[in-house]
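S.K.: Using the working numbering, count along the sequence shown one by one with no gaps and you end on 1205.
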Amino acid sequence: MKDNWKPRTRLVHGGTRRSQYNEVSEAMFLTQGFVYDTAEQAEARFLQSGPDEFIYARYGNPTVAMFEERVAALEGAEDAFATASGMAAVNGALVSMLRAGDHVVAAQALFGSCLYILEEILPRYGVEVTFVDGTDLDQWRAAVRPGTKVCFYESVSNPTLEVIDIAGVSEIAHRAGATVVVDNVFATPVYSNAIAQGADVVVYSATKHIDGQGRVLGGVILGTQEFIRKTVEPYMKHTGGSMSPFNAWVLLKGLETIDLRVRAQAATAQALAERLQGHDALARVMYPGLADHPQHTLAQAQMGSGGTVLALDLKGGQAAAFKFLNALHIVVISNNLGDAKSIATHPATTTHQRLSDVQKTQLGITPGLVRLSCGLEDTDDLLADIQGALDSI
Ligand SMILES: *Cc1c(COP(=O)(O)O)cnc(C)c1O
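#1: Could you compute how far the alpha carbon of residue 1140 sits from the alpha carbon of residue 1158?
#2: Kindly list the residues whose CB is nearer than 6 Å to the CB of residue 959, restricted to its own chain and excluding five residues on each side of it in sequence; keep chain order.
#3: Does the distance between the C-beta of residue 1029 and the nearest non-hydrogen atom of ligand 2 fall short of 7 Å?
#4: With distances taken between CB atoms, is the gap from residue 885 to residue 822 smaller than 8 Å?
#5: Which parts of the region 850–911 are runs of the alpha helix (DSSP H), unbroken and 4 residues or longer, counting only runs that do not cross its ends?
#6: What I want to know is whether the C-beta of residue 818 ends up closer than 7 Å to one or more non-hydrogen atoms of ligand 1.
#7: Tell me whether the region 1040–1060 and the region 838–848 touch, counting them as touching only if at least three CB pairs, one residue from each stretch, are closer than 8 Å.
#8: What residues are listed by DSSP as bridge partners for residue 1098?
#9: At a threshold of 7 Å, does residue 926 count as lining ligand 1 (C-beta to nearest heavy atom)?
#10: Any idea if residue 1133 is buried or exposed, counting beta-carbon neighbours within 10 angstroms, 16 or more meaning buried?
#11: Quick one: what's got a C-beta closer than 7 Å to residue 917's C-beta in the same chain, skipping five residues either side?
#12: Return the CA-CA distance between residue 1154 and residue 1084, expressed in angstroms with no decimal places.
#13: What would DSSP say about residue 833, mapped onto helix, strand or coil?
#14: I think residue 908 touches residue 1019, with their Cβ atoms under 8 Å apart; what is that distance to the nearest whole Å?
#15: Ignore the nearest five residues each way along the sequence and tell me which others in residue 1026's own chain have a CB closer than 8 Å to its CB.
#16: Going by C-alpha distance, which of 1145, 1033, 1065 is nearest residue 825?
#17: Relative to the alpha-carbon of residue 1068, which residue among 844, 1182, 879 has its alpha-carbon at the smallest distance?
#18: Quick check on residue 1072: buried or exposed, where buried means 16 or more other Cβ atoms within 10 Å of its Cβ?
#19: According to the Cβ coordinates, are residue 1178 and residue 1092 closer than 8 Å?
#20: So, helix, strand or coil for residue 1183, using DSSP?
#21: Taking the runs of the beta strand (DSSP E) that are 3 residues or longer, which of them lie wholly in the region 1016–1101?
#22: Return the CA-CA distance between residue 1105 and residue 1045, expressed in angstroms with no decimal places.
#23: Within 8 Å, do at least three Cβ pairs link the region 1186–1205 to the region 1168–1175?
#24: Just confirm the distance between the C-beta atoms of residue 1079 and residue 1127, as a whole number of angstroms; I'd bet it's less than 8 Å.
#25: Would you kindly work out how many angstroms separate the C-alpha atoms of residue 882 and residue 1190, rounded to a whole number?
#26: I'd like to know whether the C-beta atoms of residue 1016 and residue 1007 end up nearer to each other than 8 Å.
#27: Measure the beta-carbon distance from residue 896 to residue 1063 and round it to whole angstroms, keeping in mind my assumption that it falls under 8 Å.
#28: Any heavy atom of ligand 1 inside 7 Å of the beta-carbon of residue 970?
#29: In chain order, what residues of the same chain have a beta carbon less than 6 Å from the beta carbon of residue 1164, not counting five sequence neighbours either side?
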């Protein structure tokens, strides 16, 4: 790969390895192990394996390596480790570097499973976690202290779409010597400049936009070569959260089209947000691409887009939200996002059901809130479907 290749070229050619057959499309190496020519070669490889020498698929695999290199090339990260799911990536990035006595500062607006790791699992092993309003840099300043090991947040939060200042938090964290770990799913790899803006580690659920067609689970941890090889890899390869070669192959092909897909989905999200604003049934349309979003300016500077997801707050609470969901014909009710199919989710009763009412209120997860992930359908068809469902309430 050439250093001056632009993102779309990197997405098509980055990381490619060809077998002796010189295939055009990347080969799927559906193998768990590799044969050694001699006993001496096996011994040497266990002692120190080179970048294209493989031992066991839990440690690495040629198809998985192609995926890792391609994502790293897009993100501008030195290295990457592919994981079985987005949650394996979040867990692996955090647990591989934390130990009892460490302190973590995290934004409170998090995906339910991320919150479970921070609230339930880390404290069990003696890690202290302080939660802050991630959009308020003063709260980060007050919470970070000498000895804070990690600052963790979603750069755009799920489902309320708060945008967090990556450069701002990084500066505060780095002054205390803390590592900044960003869950960047909603920003997407297409609009991310997180590492350039100061993040040390970026994690993705590849299940979302990288697959983008709702087929497989996957995740990836990106960072310096030192962090990925010395901290993440030993933890992941010995605890079993590695990505399967089949999923890596699907996701590798997903990367080839992610730029086109995500830009089209974000354009639809922007158009729908603008056209739905002011509808009688809606208390609020939340989308970082709208001028009235509290972090609109930051979102433009940080991502150059509002992303592919918007949130609608229906005036009539849960009853209205359910009526709306049940009246949709094109948009499906499900809980993935970033998919080619537009998906509507009622966070309060599904993805964020586990939270207490107090937590939900604090995070803005109202009974009327519906998260809408924009797909690749025709924008006018989607608008008609959504407007029709809103009108029917
Ligand atoms: C979906 C999601 C995850 C978890 O990813 P999986 O692939 O489902 O394990 C983590 N963080 C965010 C922000 C997500 O949206």
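For each residue, glycine too, the CB sits at the ideal point set by N, CA and C.
Here the structure is a predicted model, which means the values were calculated and not measured.
M.R.: Working from what's here:
#1: Locating residue 1140 in the sequence shown gives position 328, where the first residue counts as 1. Locating residue 1158 in the sequence shown gives position 346, where the first residue counts as 1. Approximately 13 Å between the Cα atoms of the pair.
#2: Locating residue 959 in the sequence shown gives position 147, where the first residue counts as 1. Its chain contains 915 as the residues whose beta carbon lies nearer than 6 Å to that of residue 959, once the 5 sequence neighbours on both sides are disregarded; these appear in chain order.
#3: Absence of ligand 2 from the depicted structure is noted, with ligand 1 being the only ligands included.
#4: By 1-based counting over the sequence shown, the position of residue 885 is 73. By 1-based counting over the sequence shown, the position of residue 822 is 10. Contact: yes.
#5: Counting only runs of 4 or more, we get 851–859, 874–887, 898–907.
#6: As a first step, residue 818 is located in the sequence shown; it is residue number 6 there, counting from the start. Checking the Cβ of residue 818 against ligand 1 gives no.
#7: Contact between the region 1040–1060 and the region 838–848 is present, because at least three Cβ pairs lie under 8 Å.
#8: As a working note, residue 1098 is residue 286 in the sequence shown. Residue pairing of residue 1098 in beta bridges, as defined by DSSP: 1123.
#9: The residue given as residue 926 occupies position 114 in the sequence shown. Yes, the beta carbon of residue 926 sits closer than 7 Å to at least one heavy atom of ligand 1.
#10: To locate residue 1133, count along the sequence shown from 1; it is residue 321. In this structure residue 1133 is buried. Its beta-carbon is surrounded by 16 or more other beta-carbon atoms within 10 angstroms.
#11: If you number the sequence shown from 1, residue 917 lands on position 105. Closer than 7 Å at the Cβ level, and outside the excluded window around residue 917, lie 942, 944, 952, 955, 956, 960, 963.
#12: On the sequence shown, residue 1154 is found 342 positions in, with the first residue counted as 1. On the sequence shown, residue 1084 is found 272 positions in, with the first residue counted as 1. Distance between the alpha carbons of residue 1154 and residue 1084: 12 Å.
#13: Taking the sequence shown and counting its residues from 1, the one referred to as residue 833 is at position 21. It is coil, neither helix nor strand.
#14: Taking the first residue of the sequence shown as 1, we reach residue 908 at position 96. Taking the first residue of the sequence shown as 1, we reach residue 1019 at position 207. Contact annotation, residue 908 with residue 1019: C-beta distance approximately 21 Å; criterion of less than 8 Å not satisfied.
#15: For this step, residue 1026 is matched to residue 214 along the sequence shown. Residues 1148, 1151, 1152, 1153 of the same chain have their beta carbon placed closer than 8 Å to that of residue 1026, with the five preceding and five following residues left out of the count.
#16: As a working mapping, residue 825 is identified with position 13 in the sequence shown. Answer by Cα proximity: 1065.
#17: Numbered from 1 along the sequence shown, position 256 holds the residue referred to as residue 1068. Nearest option by C-alpha distance: 879.
#18: Here residue 1072 corresponds to residue number 260 of the sequence shown, with the count starting at 1. Exposed, because fewer than 16 other Cβ atoms sit within 10 Å of the Cβ of residue 1072.
#19: Taking the sequence shown and counting its residues from 1, one reaches residue 1178 at position 366. Taking the sequence shown and counting its residues from 1, one reaches residue 1092 at position 280. No.
#20: Looking up residue 1183 in the sequence shown gives position 371. Residue 1183 sits in a strand when the DSSP states are folded into three classes.
#21: Taking only runs of at least 3 residues, the beta strand (DSSP E) segments lying wholly in the region 1016–1101 are 1031–1035, 1094–1098.
#22: Along the sequence shown, read from residue 1 onward, the residue named residue 1105 stands at position 293. Along the sequence shown, read from residue 1 onward, the residue named residue 1045 stands at position 233. So the two alpha carbons sit approximately 39 Å from each other.
#23: The answer is no - the region 1186–1205 does not touch the region 1168–1175, with fewer than three Cβ pairs under 8 Å.
#24: Taking the first residue of the sequence shown as position 1, residue 1079 is located at position 267. Taking the first residue of the sequence shown as position 1, residue 1127 is located at position 315. About 28 Å; that fails the 8 Å criterion.
#25: In the sequence shown, residue 882 corresponds to position 70, counting from 1. In the sequence shown, residue 1190 corresponds to position 378, counting from 1. Using only the alpha carbons, I get a separation of about 30 Å.
#26: In the sequence shown, residue 1016 corresponds to position 204, counting from 1. In the sequence shown, residue 1007 corresponds to position 195, counting from 1. Not a contact, by the Cβ cut-off of 8 Å.
#27: Residue 896 sits at position 84 when you count from the first residue of the sequence shown. Residue 1063 sits at position 251 when you count from the first residue of the sequence shown. The beta-carbon distance between residue 896 and residue 1063, rounded to whole angstroms, is 12 Å. This is too long to meet the 8 Å contact definition.
#28: Locating residue 970 in the sequence shown gives position 158, counting from the first residue. The beta carbon of residue 970 sits closer than 7 Å to at least one heavy atom of ligand 1.
#29: Reading the sequence shown from its first residue, position 352 is the one you call residue 1164. Cβ neighbours of residue 1164 beyond the five flanking positions: 924, 1177.
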